[in-house]
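From first to last, the protein sequence lines are chains B and W.
Numbering-wise (the working numbering), the first sequence opens with residue 1 and increments by one.
Numbering-wise (the working numbering), the second sequence opens with residue 1 and increments by one.
2 protein chains.
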Amino acid sequence: MADPVPAPDELNVGLLLFIPYRAMENRIFAALAQAGFDDFSPAQARVLQRIGPDGTRLTELAESAQVTKQTASHLVDQLERTGYVRRTPDPNDARARLVRIAERGAAAQPVAASVVAEVEAEWRAHLGERRWRQLREALTSLREITDPYR
Amino acid sequence: MADPVPAPDELNVGLLLFIPYRAMENRIFAALAQAGFDDFSPAQARVLQRIGPDGTRLTELAESAQVTKQTASHLVDQLERTGYVRRTPDPNDARARLVRIAERGAAAQPVAASVVAEVEAEWRAHLGERRWRQLREALTSLREITDPYR
DNA sequence: GACGATGGTCAGCAGATCGAACTAATCTCG
DNA sequence: CGAGATTAGTTCGATCTGCTGACCATCGTC
């Protein structure tokens, strides 16, 4: 992030990415809170959303959310205490444990998914189908060179 | 942020935005640290980059960085202590103070700008000129409905 | 010139996040 | 096989982030 006061349409791409990202996060967070899921934080959500259906290792969660494993561990602690996730032993590696979605987490998922769909629909409507697809396409491609987690 | 394990190409847009955003931030942060500007945090940078050439009010900084004015004030405190910015009185309003880039901040700017340019060039090369422009265009348009600060 | 709105600060607290140090299980190879 | 290196995860302690609430000073308005 740099370059104070760029020309109006010349905002650095970092900022351009941040703005809608943050907007999406806020929307999801607000909707979940309104639906009664008000006992977790955005940071916890960033971990939660990365848990796969068959459970995910802590280290993987940490990498993909781009935080240290200590932080991830801490966040999982909280999510476990509030019933969103559960830690289970990893059958393939006695050192590891799989973090899995628990009851409350499963209940929150459809709510989150529906807000995401709602926001995406708004964005698609604003951009038009063509530009929307171009956006997704470009971001997906960009992921190849910017995603440290595969 | 939702929907654990979406289909491969179906990653929710929030995540797709986050990945390159974070990559950009990391790159800038690393480059600045390497150039000797290792005494500030990403949070401070998020405020710093929003300061205009003629100074910017704290409230404006807070809004555009999407934090409370207390948080912004705190971050500016730190930036002031380390010599990146300076608070000056606002000639038009005795209540207000303009936050301005100071020596150290001015020294960091060209470094930051050059990394941004470098990363953008890489991305442009990866996407190709056409898709790059489409990306910027779509993000800029999206800003109209997602930027709470104007 | 009183009153509500606005720009900022101070204080205090909860959460996020990191680095260091440590334990336990796995892997690699001579 | 067994020593050493690696990997998964945790605990501890410190710092930073960022919020709410309470305040003060200045502005703008009627």
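Every residue, glycine too, gets a C-beta built ideally from N, C-alpha and C.
Shortest alpha-carbon distance to residue i belongs to which of the options?
i                : options                     : result
Val47 (chain W)  : W:Met24, W:Val76, W:Ala23   : W:Val76
Arg124 (chain W) : B:Leu142, B:Ala108, B:Asp39 : B:Leu142
Ser41 (chain B)  : B:Leu17, B:His74, B:Asn12   : B:His74
Just the C-alpha distance for residue i and residue j, rounded to the nearest angstrom, thanks.
i                : j                : result
Ala72 (chain B)  : Arg87 (chain B)  : 13 Å
Glu25 (chain W)  : Gly14 (chain B)  : 7 Å
Ala45 (chain W)  : Tyr84 (chain W)  : 10 Å
Lys69 (chain W)  : Glu60 (chain W)  : 9 Å
Arg27 (chain W)  : Val119 (chain W) : 8 Å
Gly52 (chain B)  : Ala107 (chain B) : 15 Å
Asp93 (chain W)  : Glu122 (chain B) : 40 Å
Asp38 (chain B)  : Glu103 (chain B) : 15 Å
Ile19 (chain B)  : Val67 (chain W)  : 13 Å
Gly105 (chain B) : Ala65 (chain B)  : 18 Å
Ala62 (chain W)  : Ala43 (chain W)  : 12 Å
Ile101 (chain W) : Tyr21 (chain W)  : 24 Å
For residue i, is the classification buried or exposed, using 16 other Cβ atoms within 10 angstroms of its Cβ as the cut-off for buried?
i                : result
Gly36 (chain W)  : exposed
Pro110 (chain B) : exposed
Tyr149 (chain B) : exposed
Arg50 (chain W)  : buried
Ala96 (chain B)  : exposed
Glu144 (chain W) : exposed
Asp3 (chain B)   : With a pLDDT of only 43 at Asp3 (chain B), under 50, the local geometry of the prediction cannot be trusted, and the value read off the model is given with reservation. Counting Cβ neighbours within 10 Å, Asp3 (chain B) comes out buried, since at least 16 surround it.
Met1 (chain W)   : Any reading at Met1 (chain W) is ruled out, since the residue's pLDDT is 45, under 50, leaving its predicted position unreliable.
How many whole angstroms separate the CB atoms of residue i and residue j, which I take to be in contact at a CB cut-off of 8 Å?
i               : j                : result
Ala23 (chain B) : Thr146 (chain W) : 4 Å
Leu11 (chain B) : Leu17 (chain W)  : Contact flag wrong, Cβ pair sits at about 14 Å.
Leu79 (chain B) : Asp90 (chain B)  : Between Asp90 (chain B) and Leu79 (chain B) the Cβ distance is about 18 Å, and since that is not below 8 Å, they are no contact.
ask   = Looking at C-beta atoms only, is the number of pairs between the stretch 28-39 of chain W and the stretch 98-118 of chain W that lie closer than 8 Å three or more?
value = Verdict: yes, contact present.
inquiry  = With a threshold of 8 Å, are at least 3 pairs of Cβ atoms found where one atom belongs to the stretch 49-57 of chain B and the other to the stretch 122-136 of chain B?
reply    = Proximity of the stretch 49-57 of chain B to the stretch 122-136 of chain B falls short of the contact definition, fewer than three beta-carbon pairs being nearer than 8 Å.
query = Pairing CB atoms from the stretch 132-144 of chain B with CB atoms from the stretch 129-148 of chain W, are three or more of them under 8 Å?
reply = Contact holds: three or more Cβ-Cβ distances are below 8 Å.
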